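Here the sequence shown is numbered in the working numbering, starting from 85 and rising by one per residue. Idealized CB from N, CA, C, for every residue including glycine. In this text the structure is predicted, and so the values were computed from the model without any measurement. Report on one structure; see the data block that follows.
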Amino acid sequence: QVQLVESGGGLVQPGGSLKLSCAASGFAVRMYAMNWYRQAPGKERELVAGITSDGGGGRTNYADSVKGRFTISRDNAYNTVYLQMNSLKFEDTAIYYCYNPWRTLWGQGTQVTVSS
């Protein structure tokens, strides 16, 4: 079965950290560009971070709003993509989704809430 399953969301205080995981099945993440998106209440879904395939050099890119705070990575042994989120802010509160653009495949999302 081809799917993406996110985990790792939760409630965190401002300034805190979370690490999201996106476990893939049915395909090898190393062969594809993979992205993290987020959608806050009342807002459009936005691209947060992306990583190219291994063949593409594994280059990463980030939205300006998270640059320097978030890191996208991939562990091919676990067929999983990660999003390390540090120095979290109230405005990072959203549902975070993993996405494979080549397969137009979305995960179910994981909620991140930044609150004091």
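Any idea if residue i is buried or exposed, counting beta-carbon neighbours within 10 angstroms, 16 or more meaning buried?
| i | result |
| --- | --- |
| Leu167 | buried |
| Glu207 | The requested residue 207 is not part of the displayed model; the chain covers only 85 to 200. |
| Gly191 | buried |
| Gly94 | exposed |
Leaving out five residues before and five after residue i in sequence, what residues of the same chain have Cβ atoms less than 8 Å from its Cβ?
| i | result |
| --- | --- |
| Gln85 | Ser109 and Gly110 |
| Val150 | Val132, Ala133, Met169 and Asp176 |
Please return the same chain residues whose Cβ sits closer than 6 Å to the Cβ of residue i, not counting the five positions on each side in sequence.
| i | result |
| --- | --- |
| Arg153 | Asn170 and Ser171 |
| Ala107 | Val89 and Thr164 |
Using 8 Å as the threshold, is the C-beta distance between residue i and residue j below it?
| i | j | result |
| --- | --- | --- |
| Tyr121 | Val113 | no |
| Ser200 | Thr164 | no |
| Met118 | Cys182 | yes |
| Ala178 | Gln97 | no |
Could you pull the DSSP bridge partners for residue i from this structure?
| i | result |
| --- | --- |
| Thr144 | Ile135 |
| Gly159 | Checking the sequence, you will find Asp at residue 159 rather than Gly. Note: Asp159 sits in a beta bridge opposite Thr164. |
| Gln87 | Ser109 |
| Asn184 | Leu189 |
Quick one: measure Cβ to Cβ for residue i and residue j, integer angstroms, because I've assumed they're closer than 8 Å.
| i | j | result |
| --- | --- | --- |
| Leu88 | Asn184 | 7 Å |
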